[in-house]
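Visitor: Okay, handing you the structure first.
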Amino acid sequence: MKPIEIAKDVYWLGVVDWNVRDFHGYSTYQGSTYNSFLIVDEKITLIDAVKKEFADELLESISHIVDPKKIDFVVSNHTEMDHTGGLPRVMHRIGEDKPIYCSKMGQKNLSKHFLQKWNYQPVENAGELSIGKRTLTFLETRMVHWPDSMFTYLKEEKILFSSDGFGQHYAGPERFDDQVGDAIMEHAKKYFANILLLYAPLILKLIEKITEMGLEIDMICPDHGVMWRQDPAKIINAYVGWCDQKPKRKAVIVYDTMWHSTEKMAETIAETFIEEGVPAIPMKLRECHRSDVITEIIDAGAVIVGSPTLNNGLFPTVADFLTYMKGLKPLNKVAAAFGSFGWSGEAVKLINQELEVMKFDVVDPGVRIQYVPNEESLEPCRELARKIAKVLPD
Ligand code: FEO
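Start counting the sequence shown at 413; every next residue gets the next number (the numbering used here).
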């Protein structure tokens, strides 16, 4: 892609990965971008690189503005290889001795990813770097998304280069929030739910810290997706809400099924929730990707998990989802389990164990039905939904 000047002498140089459909287990059904930025000042500064396979595209993009050899400084906000995989190729071209500014943890992590003995210049939290007429301020943002993560703030233009923070896996012709409109918020929510949810308490503190510092922000430039120029406060406020995880009157029924019995139970639970005035979404795991399910779950007050018993255990997709959800640590959920079985019927007990490990409020021992449900045997499913509807907020 050709560079785009986002402020005087400040350029977006990203690459668009139209075809990526899986990002370490996250369904990126509309691709992604790896954003890189160039500031042309007395010291020409490159902020972040791209995935390995796009390094030449990034160098070509830089060449539209300056000869890459003229780059003086590199800033690496985050070590994960979607932002550094292209660094060996880039450093080889611009000069292996050029300083790389990164956090202290960034230096450690970069040196464990790459054998090259680069000229690392670790920076302190709130440390500053003059690049001529402009000054960069570095903000340590541990765990947004790795221990090495930091943001870089360009004081004069009031631009926050936020690495993974406020990103979206979205590939499109648009580069800015206002060009996409409200539809971008779903992508941002999905990104938060699948990449950052487990760090929600830390992110809340970080946002408080940035607010206390009184940083004026005219534009937020993440390393994925579109840049927030229309209303940067909108995405910051959305993050505060997602971090809070205040439970809504909403239920997600996540399940899989072998011969439609557990499915019948899921649909009965969902229908009863709806009759009780609770928006409910049944999501069958062989049709709904785990990353879409978790996106629905972050603001739901209730998570009801269903699995048939298969070989004395959980159905594989349900076990997969429970592992995924446990890692992301959603908070403030009421939960219960259900499932059909033939002869042993361990699935409900196994789900309950997982829900308790996740510190969900398991409000019922769960519903088990042998073989095929009928109107009468489905009644406990209705009772379960009514019971949970009573404890959800209005
Ligand atoms: Fe976009 Fe944590 O890397």
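From the three backbone atoms N, C-alpha and C, an ideal C-beta is built for every residue, glycine too.
1) Between the alpha carbons of W640 and D594, how many angstroms are there, rounded?
2) What residue does the beta strand (DSSP E) around L541 start on, and which one ends it?
3) Considering only residues of the segment 551-602, which uninterrupted alpha helix (DSSP H) runs meet the minimum length of 4 residues and lie entirely inside it, listed in chain order?
4) Going by DSSP in three states, M770 sits in which element: helix, strand or coil?
5) Please write down, chain order preserved, every residue whose beta carbon lies under 5 Å from a heavy atom of the ligand FEO.
6) If contacts are defined as beta-carbon pairs under 8 Å, then E679 and P694 qualify, I think. What distance do you get, rounded to the angstrom?
7) Does M631 come out as helix, strand or coil in the three-state DSSP assignment?
8) Restricting to runs no shorter than 4 residues, where is the alpha helix (DSSP H) found entirely within the segment 700-787?
9) Which word fits N649, buried or exposed, when buried means at least 16 other C-beta atoms lie within 10 angstroms of its C-beta?
10) How long is the line joining the alpha carbons of S473 and I622, rounded to whole angstroms?
11) Using only CA atoms, which one of A747, C793 and F753 lies nearest to K771?
12) Under the rule that 16 or more other beta-carbon atoms within 10 Å means buried, what is T707, buried or exposed?
13) Tell me whether the beta-carbon of F685 lies closer than 9 Å to the beta-carbon of V705.
14) Give every residue of the same chain whose Cβ lies closer than 6 Å to the Cβ of E675, excluding the five residues on either side of it in the sequence, and list them in chain order.
15) Can you give me the Cβ contacts of S673 inside the same chain, cut-off strictly under 8 Å, excluding the 5 residues immediately before and after it?
16) Restricting to Cα atoms, I'd like to know which of I629, M517 and K516 is closest to K570.
17) Can you tell me the Cβ-Cβ gap for D635 and Y446, rounded? I've got them flagged as a contact below 8 Å.
Guide: On the basis of the data shown:
1) Distance between W640 and D594, taken at the CA atoms: about 12 Å.
2) For L541, the enclosing beta strand (DSSP E) begins and ends at E540 to S542.
3) Counting whole runs of 4 or more residues, the segment 551-602 contains the alpha helix (DSSP H) stretches 589-592.
4) Three-state DSSP puts M770 in coil, outside helix and strand.
5) Having a Cβ closer than 5 Å to some heavy atom of the ligand FEO are E492, D494, H557 and D576.
6) Their Cβ separation, rounded to whole angstroms, is 6 Å, which keeps E679 and P694 in contact under 8 Å.
7) Strand, per DSSP.
8) Assignment of alpha helix (DSSP H) within the segment 700-787, counting only whole runs of 4 or more residues, yields 702-709, 728-740 and 759-769 in chain order.
9) So N649 counts as exposed.
10) Going by the C-alpha atoms only, they are around 32 Å apart.
11) Looking from the CA of K771, the closest CA among A747, C793 and F753 belongs to A747.
12) Burial call: buried.
13) In this structure, V705 does not lie closer than 9 Å to F685 by Cβ.
14) The answer, listed in chain order, is T669.
15) Only P720, S752, I781, Y783, V784 and P785 meet the Cβ criterion.
16) The shortest Cα separation from K570 among I629, M517 and K516 belongs to I629.
17) Distance from D635 to Y446 at the Cβ level is roughly 6 Å; contact confirmed, criterion being Cβ atoms closer than 8 Å.
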